[in-house]
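Below: one structure, written as structure tokens.
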Amino acid sequence: MTIPIITDLDAARAGILRRMPLDDDAATTRVVAEIIADVRQRGDNALREYTLRFDGVDRTAIEIPRERWAAAAADLDPALRRALLLAISEIRRFHERQLRNSWVEFGVEGALGQIVRPLDRVGIYVPGGVAPLPSSLIHAAVPARVAGVREIVVCSPPQRATGEPAAIVLAAAHLAGVDRVFAVGGAQAIAAMAYGTASIPRVDTVAGPGNRYVIQAMRMVYGTVGVVSLPGPTETLIIADQTANPRAVAADLLAQAEHVEASAILLTTDQVLAEQVQQEVERQLAVLPDANARAAREAVTQRGGIVLVPDLATAFCLANEYGPEHLCLLIADPWQYVGEVRNAGGVFLGEESFEVLGDYVAGPSHIMPTEGTARYASPVNVDSFRKVISLVGINRAGLSRIGPAAMRLAEAEGLFAHAAAVRARLESLDTDGRE
60 MTIPIITDLD
70 AARAGILRRM
80 PLDDDAATTR
90 VVAEIIADVR
100 QRGDNALREY
110 TLRFDGVDRT
120 AIEIPRERWA
130 AAAADLDPAL
140 RRALLLAISE
150 IRRFHERQLR
160 NSWVEFGVEG
170 ALGQIVRPLD
180 RVGIYVPGGV
190 APLPSSLIHA
200 AVPARVAGVR
210 EIVVCSPPQR
220 ATGEPAAIVL
230 AAAHLAGVDR
240 VFAVGGAQAI
250 AAMAYGTASI
260 PRVDTVAGPG
270 NRYVIQAMRM
280 VYGTVGVVSL
290 PGPTETLIIA
300 DQTANPRAVA
310 ADLLAQAEHV
320 EASAILLTTD
330 QVLAEQVQQE
340 VERQLAVLPD
350 ANARAAREAV
360 TQRGGIVLVP
370 DLATAFCLAN
380 EYGPEHLCLL
390 IADPWQYVGE
400 VRNAGGVFLG
410 EESFEVLGDY
420 VAGPSHIMPT
430 EGTARYASPV
440 NVDSFRKVIS
450 LVGINRAGLS
460 RIGPAAMRLA
470 EAEGLFAHAA
480 AVRARLESLD
490 TDGRE
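At position 22 of the sequence shown (counting the first as 1) the number is 81 in my numbering, and the numbers step up by one without a gap.
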């Protein structure tokens, strides 16, 4: 099988551009609910049993000592260490530009403002299956540190061979300066961070990508704990015209397709390009390692495709309906079309600004909304790890002006105790004035 070319837009909408909501997956929902309930009831004992069952690792201590992170960092290839440090530096520099401060505005009627505070404790989930993702750790931990978070804890599944999270994940934890690391993965890790166990402290919010079990767990614990986003299996959507390089287009599709359960879609106005990309995908699949090629082929044939569109306006309409995690514009003048984008996790403009740079070193966090949540959600950023507290300091002059309106609105809602609280203050003002 090869990546299909689709000419019927209705078929594309009903097929590769249609997602099944996670809450429609009854089997996943049932399994995750059972795991969460078990972790809440049995804590660390449940975590140990799930780690043995799912990861094949029998651990007594769930936490990984700091000296193991330092050793992993010391053992890094020097070039890889420099790459991680460059990524950390670029991510920090990008997010420091986003920082905003508390503010208070004083006037004749008193003061109003906002207090901006970092969260106390954040939990980061780092996938560690076939392809451990140290980049996901730094893309969450660095913005959290910039935000001023006091404590950052990381959960990542142990490798069968070592009984610990992947060495590269431990090294990234050391270089990014997180506080604690735990060898636990899956939905059970999300439950542990949401409710706390004897070993793992309860956090204020969780962040990080994961498989459908991890993401469903995040959905189900939301409210008990904050959830930054629901970044499930990765997805990329490319809009390309006749000026695009078919080799680059195919490479960008496969770069995401090699992830488990990924989707990779091309919208193009050009039939010739579509056929060239189809051929390039086959050529590039043939030179990938077997495991990567299998995952990528499954993605592009089962959840991917090339859709022929009549014009770029239609392409952007479809893209906004889909709300991709990554929207890549391989067109003649991508900046001209930025204003057409309404729903996307990140926009990548032009052949030199390709998505893989965003995965690692460009600066913005690569933990972006998937599953269509880009309609309302944002990538991980500084504000993901901060909260705003409203500040109200109304004085008598302000009360005199806005109090009567508050009282009337309360009465209109049938909340007469509310109205009475306002009336008591207004009557006090009248009494003071007569005196």
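C-beta atoms are modelled at their ideal positions from N, C-alpha and C, and glycine is treated no differently. Predicted model, so just to flag it, every value in this text is computed and none were measured.
Nearest-angstrom beta carbon gap, residue j and residue i [assumed within contact, 8 Å]
i: Y381; j: L296; result: 6 Å
i: G102; j: T256; result: 4 Å
i: G236; j: C214; result: With a Cβ gap of about 17 Å, G236 and C214 do not count as contacting.
i: P193; j: V240; result: P193 to V240, Cβ: 12 Å. No contact.
i: R151; j: V205; result: 6 Å
i: L367; j: T66; result: 5 Å
i: V359; j: L312; result: 6 Å
i: I123; j: M279; result: Going by Cβ atoms, the distance from I123 to M279 rounds to 26 Å, so no, they are not a contact pair.
i: P438; j: G404; result: 6 Å
i: I64; j: I365; result: 5 Å
i: Q275; j: T87; result: 5 Å
Identified DSSP bridge partners for residue i
i: F165; result: A170
i: Y184; result: C214
i: P177; result: R445
i: E122; result: F241
i: G452; result: A170
i: L196; result: Its beta-bridge partners do not exist; DSSP assigns none.
i: V366; result: I65 and L326
Option nearest residue i by Cα separation, candidates the options
i: V331; options: I324, Q301 and L325; result: Q301
i: D370; options: R342, D329, C387 and A354; result: D329
i: F407; options: I298, A433, R353 and E430; result: I298
i: I390; options: E399, E410, E384 and G398; result: E410
i: Q247; options: A142, V240 and A105; result: A105
i: G169; options: D84, I461, V346 and A456; result: A456
i: E357; options: A206, G405 and V340; result: V340
i: A242; options: Q338, M279, Y184 and D263; result: Y184
i: A333; options: V451, V308, L377 and T88; result: V308
i: M427; options: S195, P216, T119 and R180; result: S195
i: V447; options: R219, D311, S322 and L158; result: L158
i: S161; options: I249, R99 and P177; result: P177
i: P348; options: Q361, V286 and E317; result: E317
i: R125; options: H198, D114 and A230; result: A230
i: R261; options: D134, G269, V284 and S148; result: V284
i: D179; options: T293, P305 and G207; result: G207
i: E430; options: N270, G115, I147 and R99; result: N270
i: R401; options: N379, L388, T87 and W394; result: N379
i: A20; options: A251, T221, Q218 and V212; result: Because the chain spans 60 through 494 in this model, residue 20 falls outside it and cannot be assessed.
i: H385; options: Q395, A321, D134 and A96; result: A321
i: T119; options: A352, E223 and T293; result: E223
i: F413; options: Q275, L325 and A310; result: A310
i: G376; options: P63, L76 and A421; result: A small correction: the amino acid at residue 376 is Cys; Gly does not occupy that position in the sequence shown. That would be L76, whose Cα lies nearest to the Cα of C376.
i: A225; options: A190, A85 and Q395; result: A190
i: A266; options: A199, I259, E210 and L234; result: A199
Element boundaries [alpha helix (DSSP H), containing residue i]
i: F241; result: Taken as a continuous stretch (DSSP letters only), F241 belongs to no alpha helix (DSSP H), being part of the beta strand (DSSP E) at R239 to A242.
i: G462; result: R455 to A471
i: I227; result: A226 to A235
i: V415; result: E414 to Y419
i: I110; result: The amino acid occupying residue 110 in the given sequence is Thr; Ile does not appear at that position. That run of the alpha helix (DSSP H) goes D103 to D114.
i: V400; result: No alpha helix (DSSP H) contains V400, which DSSP labels as neither H nor E.
i: D117; result: From DSSP, D117 is part of no alpha helix (DSSP H); its letter is neither H nor E.
i: Y381; result: L371 to Y381
i: P137; result: P137 to E155
i: A352; result: D349 to Q361
Unbroken beta strand (DSSP E) run spanning residue i, endpoints
i: H385; result: H385 to L389
i: L408; result: G405 to L408
Proximity test, residue i beta-carbon vs the ligand NAP heavy atom, cut-off 7 Å
i: A131; result: With respect to small molecules bound, the structure shown includes none, and the ligand NAP cannot be examined in it.
Legend entry - Those runs of the beta strand (DSSP E) which lie wholly inside the stretch 260-333 and span at least 3 residues: 264-266, 294-299 and 322-327
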